[in-house]
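Have a look at the structure below, then the notes.
What follows is the structure, given as structure tokens:
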């Protein structure tokens, strides 16, 4: 569960500005409306957060994952996630009128970062486990200023030999980008970006 953000190294607070579910299970149906920001079988905690996190364009952002909403737990052998849940980790943004809006359907998402299978044969998830649940990426300087949902996603591929086997874990943070540019990147939809079978 993504449950904490750091902006240029500054901790924004545990569960601050992030829509988190009460259960840490995956989504496996790529056609689900909950593919945007989680929910459904993993009900989101309500009321939603009222904090919008300011993120300067070009900032370094760290997302911190843990097995439960209790945060770092050295006694939990599956924190931040059970070993073997290997796969990529990605970050997407979707421009919104207000990052406090409740509706996350129909949004247009664009990827700003990804980490997959390294040349050493190790996956992004393994590197995240080594870093005690943290992944760090840069918000591009060209992104227009304004409110966004930041969607950080982990895809566990250990059971992905047949559909629905891949496990999708994602949460959305409520952010406000400042000092941005004027880029207009290509977008995808969730659901829609992934197909269950080829």
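Residue numbers (full-length UniProt numbering): 1 to 198.
Ideal placement from N, C-alpha and C gives every residue a C-beta, glycine not left out.
Cutoff 7 Å; reference residue 141; Cβ partners in own chain excluding five residues on either side: Within the chain shown, the letter at position 141 stands for residue 141. Same-chain partners within the cutoff: 57, 58, 181.
Residue span of the alpha helix (DSSP H) that contains residue 115, given as start and end: Counting from one through the chain shown, the residue named residue 115 turns up at place 115. Note, residue 115: premise wrong, no alpha helix (DSSP H); beta strand (DSSP E) at 109–115.
Buried versus exposed, by CB contacts within 10 Å (16 or more), residue 104: Position 104 of the chain shown, counted from the first residue, corresponds to residue 104. By the 10 Å Cβ count, residue 104 comes out buried.
Straight-line gap, residue 3 to residue 197 (C-alpha atoms, nearest Å): Residue numbering aside, residue 3 sits at position 3 when the chain shown is read from its first letter. Residue numbering aside, residue 197 sits at position 197 when the chain shown is read from its first letter. Rounded to whole angstroms, residue 3 to residue 197 spans 31 Å at the Cα level.
Whole beta strand (DSSP E) elements within the segment 35–82, 3-residue minimum: 53–56, 60–65
Integer Cβ distance of residue 52 from residue 175, believed to fall under 8 Å: Within the chain shown, the letter at position 52 stands for residue 52. Within the chain shown, the letter at position 175 stands for residue 175. Indeed they touch by this definition, with Cβ atoms about 7 Å apart.
Residue of 42, 100, 160 minimising C-alpha distance to residue 18: Here the question's residue 18 lines up with position 18 in the chain shown. It is 100.
Residue 81 versus residue 169: straight-line alpha-carbon distance, rounded: In the chain shown, residue 81 corresponds to position 81, counting from 1. In the chain shown, residue 169 corresponds to position 169, counting from 1. Each residue's alpha carbon lies about 11 Å from the other.
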